[in-house]
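Chemist:
Numbering (mature numbering (1 follows the signal peptide of the UniProt record, and there is no 0)), first residue to last: -17 to -1, 1 to 333.
(1) For residue 239, which residues in the same chain have their Cβ closer than 8 Å to its Cβ, ignoring the five residues on either side in sequence?
(2) Am I right that residue 81 and residue 116 are in contact with their C-beta atoms under 8 Å? What's the rounded C-beta distance?
(3) Within its chain, find whatever has a CB closer than 8 Å to the CB of residue 108; leave out the 5 residues flanking it on each side and keep chain order.
(4) Are there 16 or more other CB atoms within 10 angstroms of the CB of residue 64, so buried, or fewer, so exposed?
(5) Identify whether residue 123 lies in helix, strand or coil by the three-state DSSP scheme.
(6) Could you give the DSSP three-state label for residue 84: helix, strand or coil?
(7) Using a 10 Å radius around the Cβ and a threshold of 16 neighbouring Cβ atoms, would you call residue 231 buried or exposed?
(8) Just confirm the distance between the C-beta atoms of residue 138 and residue 157, as a whole number of angstroms; I'd bet it's less than 8 Å.
(9) Would you mind sorting residue 129 into buried or exposed? The rule is 16 or more other CB atoms within 10 Å of its CB.
(10) If you run the structure through DSSP and keep just helix, strand and coil, what is residue 288?
(11) When the Cα atoms are used, what is the spatial distance from residue 3 to residue 165?
(12) Where in the region 130 to 167 do unbroken runs of the beta strand (DSSP E), each at least 3 residues long, occur, reported from the N-terminal end onward?
(13) According to DSSP, is residue 37 helix, strand or coil?
(14) Between the C-alpha atoms of residue 103 and residue 5, what's the straight-line distance to the nearest angstrom?
(15) May I ask you to report which of helix, strand or coil DSSP gives residue 59?
Right, dumping it as structure tokens:
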């Protein structure tokens, strides 16, 4: 059963005979009773008896215990006949997801718009509305609840075949898509841990999906984890299940991806178990340093200049040492004839 609210702003026919009218309708889809995690649409129809040349202005909504996705920039155009009068308008949709099993109140808010032929901006206020969220059958209090009209859960293993050896790596990618459910409402898969495997999870990619024209259709979450084999033996990546509430068939569903078993043998090579290259690959960092040729050429010139400078300094230092030694060396001794004995000088002269 749909809850319908109606606010009509009328102007006096005598004072404002040519002024357009502004009318606001609100409704809850699929109704005022949902389950926790089930998106509830708050549709706001902004109507006039002329036409709109620009978009209406709606406020941001905040309700404790809920997640609210505001209307997108493109509103749905519509035409409606009310009391024999044809009205044109724009439909805006808030998507409200309750996180708690309780009652909620949507307070009144003001919508502003300027229809064609209006002398000023017009405004109208929505009525107060209420809805209640209950825990779906099959879920316990405190258990995360995923609600979707359809769900797809798949995985990719790379490489998906052996042989595997100690020191090798493999990656597991899990993709979860849910129709009519925001990406932030999708749960984190339970990957678990395995002895002998080092896990390196990457940041999950979470986003909303649209139909290509900006209209919301669901959410997507992609989780990636890389495993490095630390020892030989048999390993099995466990199967992973996602429990969710089927909002179309109104029952609990379970989607699952299978496990993956493989055998790792000892590595006969001399490569170390703890490889810096593998760590860099798992972190998405480059494993080789690429230096441009121009930088290599400049580095070579600087290196040669440095070598020449150091050689010149050493040569100058050596010459200085030689000059210092020549200046400070002791005088050379003179070696002449030995003097004759006094008694023999005369004999020598004769």
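Quick reminder that beta carbons are idealized off the backbone N, C-alpha and C, glycines included.
Modeler: Taking the structure as given:
(1) For the purposes of this step, residue 239 is taken as the residue at position 256 of the chain shown. Contacts found: 136, 222, 223, 224 and 225.
(2) As a first step, residue 81 must be located in the chain shown, where it is residue number 98. As a first step, residue 116 must be located in the chain shown, where it is residue number 133. Contact holds; Cβ gap of about 3 Å.
(3) For the purposes of this step, residue 108 is taken as residue 125 along the chain shown, with counting starting at 1. So the qualifying residues of the chain are -11, 7, 91, 92, 93 and 94.
(4) Counted from its first residue, the chain shown places residue 64 at position 81. Exposed, because fewer than 16 other Cβ atoms sit within 10 Å of the Cβ of residue 64.
(5) To locate residue 123, count along the chain shown from 1; it is residue 140. In the structure shown, residue 123 sits in coil (DSSP, three-state: anything other than H, G, I, E or B).
(6) For this step, residue 84 is matched to residue 101 along the chain shown. Three-state DSSP puts residue 84 in coil, outside helix and strand.
(7) The residue given as residue 231 occupies position 248 in the chain shown. It counts as exposed.
(8) Here residue 138 corresponds to residue number 155 of the chain shown, with the count starting at 1. Here residue 157 corresponds to residue number 174 of the chain shown, with the count starting at 1. Between residue 157 and residue 138 the Cβ distance is about 5 Å, and since that is below 8 Å, they are a contact.
(9) Here residue 129 refers to the residue found at position 146 when the chain shown is read from its first residue. With 16 or more other Cβ atoms within 10 Å, it is buried.
(10) Indexing the chain shown from 1 puts residue 288 at position 305. Correct three-state label for residue 288: helix.
(11) Numbered from its first residue, the chain shown carries residue 3 at position 20. Numbered from its first residue, the chain shown carries residue 165 at position 182. Spanning the two alpha carbons is a distance of roughly 38 Å.
(12) 134 to 141 and 152 to 162
(13) Within the chain shown, the letter at position 54 stands for residue 37. Three-state DSSP puts residue 37 in coil, outside helix and strand.
(14) Position 120 of the chain shown, counted from the start, is the residue given in the question as residue 103. Position 22 of the chain shown, counted from the start, is the residue given in the question as residue 5. One C-alpha to the other measures close to 12 Å.
(15) In the chain shown, the residue the question calls residue 59 occupies position 76. Of the three classes helix, strand and coil, the one that applies to residue 59 here is strand, per DSSP.
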